[in-house]
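Under our numbering, read the sequence shown as residues -4 to 169, first letter to last.
Please read the structure below before turning to the comments.
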Amino acid sequence: MTQEPCVATTGAPRSAPSRAQMIRHLRRSNQVAQRAVTLGHHPFGAVLVAPDHETVLLEQCNIDTVNHAESTLARIAATNFSADYLWHCTLYTAVEPCCMCSGTIYWSNIGRVVFGLHELQLLEATGEHGENPTMSVSSRYVFDHGQKPVELIGPIEELTEETARMQREFWATR
C-alpha cells in the first residue's frame, strides 16, 4: 500500500504575514469576540485570512462550549475551500485555540495560526469559572503531535493585555 503525500507539503511555500498585519487581524478577532458578547456568548472570535494576508475570508464568533469560534470557522472553511488553499491561509484568534479547536484546525488543513494570549493567561483572566473550564493542553502540543507542520505564532505581545482585559471584564460579570 502506498501512502498519498501529505496535502500540507504540496504547492508553493507559504509567505509570512507582517507584524502589522498580524496585529490588525488579531484586533479584528477581538472585535468579533465583542460581537459574540452582544449575541449572548463568551468573548472569543476568529478570523480566517487569505494567503495574500489582507483578504478576510471568514469571521466567526463563539457559539457555545462545543462550537467555539475557531472550530466552527475551521469546519466552515473546510467545506468551502480546498485543503491546499487552506494550507496557505492564516487563522487569527486573540486567545490560543484550545485542544478541541487545534485538532479541528489541524484536520481542516489551515496552515498557520496566530494568537495574542496563551491559554494559561486566559485561565489567569477567567479563574476557575464553571462556564469556561480551560484545559492545560496547549495548541503547540496538539500541532506537534500531528504529521504536518501547522505554524503557530504567539502570543503577540501587543495584544496580550488588551485581550486579557477584555476577558477579565467579561468573566467578572458572570
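Backbone N, C-alpha and C define an ideal beta-carbon position, used for all residues, glycine too.
Quick one: Cα of Ala73 to Cα of Ala31, how far?
Here residue 73 refers to the residue found at position 78 of the sequence shown. Here residue 31 refers to the residue found at position 36 of the sequence shown. Cα to Cα, Ala73 sits roughly 22 Å from Ala31.
Among all the DSSP beta bridges, which residues are the ones paired with Val90?
Sequence index remark: in the sequence shown, residue 90 carries index 95 (1-based). Answer by DSSP bridge pairing, in chain order: Leu112.
Using C-beta distances below 8 Å, list every residue in its chain close to Glu(-1), excluding the 5 sequence neighbours before and after it, in chain order.
Counted from its first residue, the sequence shown places residue -1 at position 4. At Glu(-1) the pLDDT is 38, less than 50, meaning the model places this residue with poor confidence; the figure from the coordinates comes in the next sentence. There are no such residues.
C-alpha distance - Thr99 paired with Leu115, whole-angstrom precision:
Start at 1 with the first residue of the sequence shown, and residue 99 comes out as number 104. Start at 1 with the first residue of the sequence shown, and residue 115 comes out as number 120. It is roughly 20 Å from the alpha-carbon of Thr99 to the alpha-carbon of Leu115.
Counting only runs that start and end within the stretch 37 to 99, where is the alpha helix (DSSP H) found for 4 or more residues in a row?
64 to 75, 78 to 82
Per DSSP, cross-strand counterpart(s) of Leu147:
Taking the sequence shown and counting its residues from 1, the one referred to as residue 147 is at position 152. Leu147 is bridged to Val108.
Three or more C-beta pairs under 8 Å: does that hold for the stretch 52 to 60 against the stretch 104 to 111?
no
CB Glu146 to CB Asn25, shorter than 8 Å?
For the purposes of this step, residue 146 is identified with residue 151 of the sequence shown, where counting begins at 1. For the purposes of this step, residue 25 is identified with residue 30 of the sequence shown, where counting begins at 1. The answer is no: Cβ separation not under 8 Å.
Cβ pair Pro92, Ser134 closer than 8 Å
Within the sequence shown, numbered from 1, the residue matching residue 92 stands at position 97. Within the sequence shown, numbered from 1, the residue matching residue 134 stands at position 139. Their beta carbons are under 8 Å apart, which means Pro92 touches Ser134 by this criterion.
Distance, Cα to Cα, Ala120 vs His113?
As a working note, residue 120 is residue 125 in the sequence shown. As a working note, residue 113 is residue 118 in the sequence shown. Computed Cα separation, rounded: 11 Å.
Grab the span of the alpha helix (DSSP H) containing Gln29 for me, first residue to last.
Counted from its first residue, the sequence shown places residue 29 at position 34. Per DSSP, Gln29 belongs to the alpha helix (DSSP H) from 14 to 33.
Straight-line gap, His20 to Tyr87 (C-alpha atoms, nearest Å):
Residue 20 sits at position 25 when you count from the first residue of the sequence shown. Residue 87 sits at position 92 when you count from the first residue of the sequence shown. Cα to Cα, His20 sits roughly 6 Å from Tyr87.
Can you round the beta-carbon distance between Ala64 and Ala41 to whole angstroms, since I take them to be within the 8 Å contact cut?
Counted from its first residue, the sequence shown places residue 64 at position 69. Counted from its first residue, the sequence shown places residue 41 at position 46. Indeed, because the Cβ distance is near 4 Å, the residues count as touching under 8 Å.
Can you tell me which of the three DSSP states Val132 falls into?
If you number the sequence shown from 1, residue 132 lands on position 137. Assigned with DSSP and collapsed to three states, Val132 falls in coil, not helix or strand.
Short Cβ contact (8 Å threshold) for Asn104 with Leu81
As a first step, residue 104 must be located in the sequence shown, where it is residue number 109. As a first step, residue 81 must be located in the sequence shown, where it is residue number 86. For the 8 Å CB-CB criterion, Asn104 and Leu81 form a contact.
Limits of the unbroken alpha helix (DSSP H) element including Glu123:
In the sequence shown, the residue the question calls residue 123 occupies position 128. Neither: Glu123 is in no alpha helix (DSSP H) and is coded neither H nor E.
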